Amino acid sequence: MVRSVSILGATGSIGQSTIDLIARDLPSYDVHALTGGRNVAQLAHDAIALNADVAVTCFDECYQDLKDHLSATSITVQSGAAAIAEVGMRQTDWVMSGIIGSAGLVPGMEVLKRGGTLALANKETLVTAGPLVMEEARRSGATLLPVDSEHSAVFQALVGEDMAAVERVIITASGGAFRDWPIADLPKATLAQASSHPNWDMGQRITIDSASMFNKALELIETKEFFGVDPAQIETIIHPESMIHALVGFNDGALMAHVGPPDMRHAIGYALNWPERKTLPVERLDLAKLGQLTFRAPDDARYPALALARRVMEQGGLTGAAFNAAKERALDHFIAGDLRFTDMARVVEAVLDNMSSRDGLENATMTLDTVLEIDHLARIRADEAVLALNTKDA
Ligand code: NAD
Ligand code: MG
Numbered sequence: 009m010v011r012s013v014s015i016l017g018a019t020g021s022i023g024q025s026t027i028d029l030i031a032r033d034l035p036s037y038d039v040h041a042l043t044g045g046r047n048v049a050q051l052a053h054d055a056i057a058l059n060a061d062v063a064v065t066c067f068d069e070c071y072q073d074l075k076d077h078l079s080a081t082s083i084t085v086q087s088g089a090a091a092i093a094e095v096g097m098r099q100t101d102w103v104m105s106g107i108i109g110s111a112g113l114v115p116g117m118e119v120l121k122r123g124g125t126l127a128l129a130n131k132e133t134l135v136t137a138g139p140l141v142m143e144e145a146r147r148s149g150a151t152l153l154p155v156d157s158e159h160s161a162v163f164q165a166l167v168g169e170d171m172a173a174v175e176r177v178i179i180t181a182s183g184g185a186f187r188d189w190p191i192a193d194l195p196k197a198t199l200a201q202a203s204s205h206p207n208w209d210m211g212q213r214i215t216i217d218s219a220s221m222f223n224k225a226l227e228l229i230e231t232k233e234f235f236g237v238d239p240a241q242i243e244t245i246i247h248p249e250s251m252i253h254a255l256v257g258f259n260d261g262a263l264m265a266h267v268g269p270p271d272m273r274h275a276i277g278y279a280l281n282w283p284e285r286k287t288l289p290v291e292r293l294d295l296a297k298l299g300q301l302t303f304r305a306p307d308d309a310r311y312p313a314l315a316l317a318r319r320v321m322e323q324g325g326l327t328g329a330a331f332n333a334a335k336e337r338a339l340d341h342f343i344a345g346d347l348r349f350t351d352m353a354r355v356v357e358a359v360l361d362n363m364s365s366r367d368g369l370e371n372a373t374m375t376l377d378t379v380l381e382i383d384h385l386a387r388i389r390a391d392e393a394v395l396a397l398n399t400k401d402a
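Position in the sequence shown (from 1) plus 8 gives the number in the numbering used here.
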């Protein structure tokens, strides 16, 4: 059976791994749309290679360039956020949500609204609007499949299990680029240093978020929203080898661990083939060669993002939307070179403090509109917090 698929964020790290899997078995797929950003040459190349119907760049200013690249083909060219949302609306069997940031929320929701199947790498969807997203999936009968490696691992450990028997969910973390640095040196961490991950090869933004553990913070919230577990049941452990992706603890004391090499093609492939398992081109682990796996407790002083995630889970409501947007802006500023590495958490905390009292994040009604409003507002507040911090420190 040929399945129709679309890939949102096709030019990114997740998108390219998804394309790698699909290209290995192209006759089994009818590729509808690929979306990307400024990397127009890559997008056009892949649209041709996969014989896609539509190619979309999120930037209107890139439209002509993409059009020129595809002028000799019959591939439809579009641009802008609305065109990406439309990709979600169209009837396809499977959609990969591989956009980075809260921009992934609206197109993903379109897939859920029509009862489609959404493979969710975009963790921001659940962080910003978890209850809304899960409710929409229930209402429409959509299928939501986790692609974040930790959540895919938990999902797989839960096959055939009763959620009532789950005591705890343990999300592993590599500890990122700075796990062994003296804490006193962290303010001096440079963009280049934060952009290199010890184990995973990922997009730059998520790699920096791994160094600060904001990525793990997002994942703790994602765990709560996706699996409906209580925050008290969610744990994090530093596991420098990144071979165990998550563990689920049951009421009889059993811990089910998901073990595999750090290769996103496993989690992507699992979501692509679900509910079946099919052969995937990932390395088979040689445990004797691996020798040992190690674990250590996360240090709150090194990773303030983890405590912020706990706060977000406690406060609920629109706190996740504010948290994510403030984090995205703080990261923009760090990348631009006008915010120190350790100040990203200070900015996010300042935004949460400010908006919790002023904008009543906890008690606000969650709709797609209110989530997008808070996302917008939190970015402005984050810019203000960066300015205040830099003025104070200057
Ligand atoms: P990336 O930066 O490599 O790629 C992002 C993609 O989104 C690109 O195609 C880009 O053009 C597109 N994009 C960027 N901004 C956009 C916007 N405003 N509107 C529409 N499209 C936009 O990112 P990535 O590392 O592939 O991560 C994608 C998502 O998957 C993130 O949510 C990330 O947290 C999650 N994730 C990634 C990995 C990984 O290994 N890279 C692992 C787990 C989860
Ligand atoms: Mg992950």
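Yeah, the Cβ is synthetic: ideal placement off N, Cα and C, and Gly gets one too. Treat the numbers as computed from the prediction; the structure is a model and nothing was measured.
In terms of residue numbering, what span does the alpha helix (DSSP H) encompassing residue i cover?
i	result
R46	Counting along the chain, R46 falls outside any alpha helix (DSSP H), and DSSP gives it neither H nor E.
P154	Premise fails: P154 lies in the beta strand (DSSP E), T151 to P154, not in any alpha helix (DSSP H).
V290	That residue, V290, is in no alpha helix (DSSP H); it is neither H nor E in DSSP.
R176	Careful: R176 lies outside any alpha helix (DSSP H), inside the beta strand (DSSP E) at V174 to A181.
I245	Per DSSP, I245 belongs to no alpha helix (DSSP H); it is in the beta strand (DSSP E), I242 to I246.
G116	L113 to K121
H77	Y71 to H77
F331	T327 to A344
E36	According to the sequence shown, residue 36 is Ser rather than Glu. S36 -> no alpha helix (DSSP H), and no H or E assigned at all.
G284	Checking the sequence shown, residue 284 turns out to be Glu, not Gly. Run containing E284: none; DSSP gives neither H nor E here.
H205	H205 -> no alpha helix (DSSP H), and no H or E assigned at all.
E357	D351 to D367
D377	L376 to D401
E471	The first residue shown for the chain is 9 and the last is 402, placing residue 471 beyond what the model contains.
M221	Per DSSP, M221 belongs to no alpha helix (DSSP H) and is neither H nor E.
G138	E132 to S148
V167	No alpha helix (DSSP H) holds V167; DSSP gives it neither H nor E.
S110	Unbroken run through S110: none, as it is neither H nor E.
T26	S21 to A31
R318	P312 to Q323
A309	Here A309 belongs to no alpha helix (DSSP H), and DSSP marks it neither H nor E.
K297	L295 to L298
Using 9 Å as the threshold, is the C-beta distance between residue i and residue j below it?
i	j	result
V162	T231	yes
F235	H341	no
R337	D391	yes
T165	H266	The sequence shown places Ala at residue 165, rather than the Thr named in the question. Yes. Within cutoff.
R279	V155	Looking at the sequence itself, residue 279 is Ala, so the reference to Arg does not match. Yes, these two residues count as a Cβ contact at 9 Å.
L380	V114	yes
T84	D61	yes
A129	G257	no
M374	L140	yes
F150	T133	Checking the sequence, you will find Ala at residue 150 rather than Phe. No, Cβ-Cβ distance for A150 and T133 is not below 9 Å.
L29	L42	no
F331	L314	no
A226	T350	Reading off the sequence shown, one finds Leu at residue 226, where the question assumed Ala. In this structure, T350 does not lie closer than 9 Å to L226 by Cβ.
L376	Q323	no
E233	V135	yes
A329	V355	no
R310	P289	no
Could you give the residue range of the beta strand (DSSP E) that holds residue i?
i	result
G257	I252 to F258
L263	L263 to V267
Any C-beta of chain D sitting closer than 9 Å to the C-beta of residue i?
i	result
I246	Note that chain D does not occur in the displayed structure, where there is just one protein chain.
On the DSSP bridge assignment, give the partners of residue i in chain order.
i	result
A63	L42 and V85
I406	A question about residue 406 goes unanswered here, because the residues of the chain that appear run from 9 up to 402.
A127	M104 and L153
R304	I246
At a threshold of 8 Å, does residue i count as lining the ligand NAP (C-beta to nearest heavy atom)?
i	result
I229	The ligand NAP is not part of this structure, which contains only the ligand NAD and the ligand MG.
How about the segment 300–311 and the segment 176–194: do they share at least three Cβ pairs that are nearer than 8 Å? Yes: the two stretches touch, three or more of their Cβ pairs being nearer than 8 Å.
Would you say the segment 162–181 touches the segment 240–254, given that touching needs at least three Cβ pairs under 8 Å? Contact between the segment 162–181 and the segment 240–254 is present, because at least three Cβ pairs lie under 8 Å.
Just the residues with CB closer than 7 Å to a heavy atom of the ligand MG, in chain order, which are they? So the residues near the ligand MG by this Cβ test are D156, S157, E158, N223 and E227.
Given 8 Å as the limit, is there contact between the segment 343–351 and the segment 188–208, that is, 3 or more CB pairs closer than that? The answer is yes - the segment 188–208 touches the segment 343–351, with three or more Cβ pairs under 8 Å.
contact_flag[the segment 126–146, the segment 103–113] where n(CB pairs < 8 Å) is 3 or more: Yes, they touch.
At a cut of 8 Å, does the segment 289–304 reach the segment 203–212 through at least three beta carbon pairs? The segment 289–304 is not in contact with the segment 203–212.
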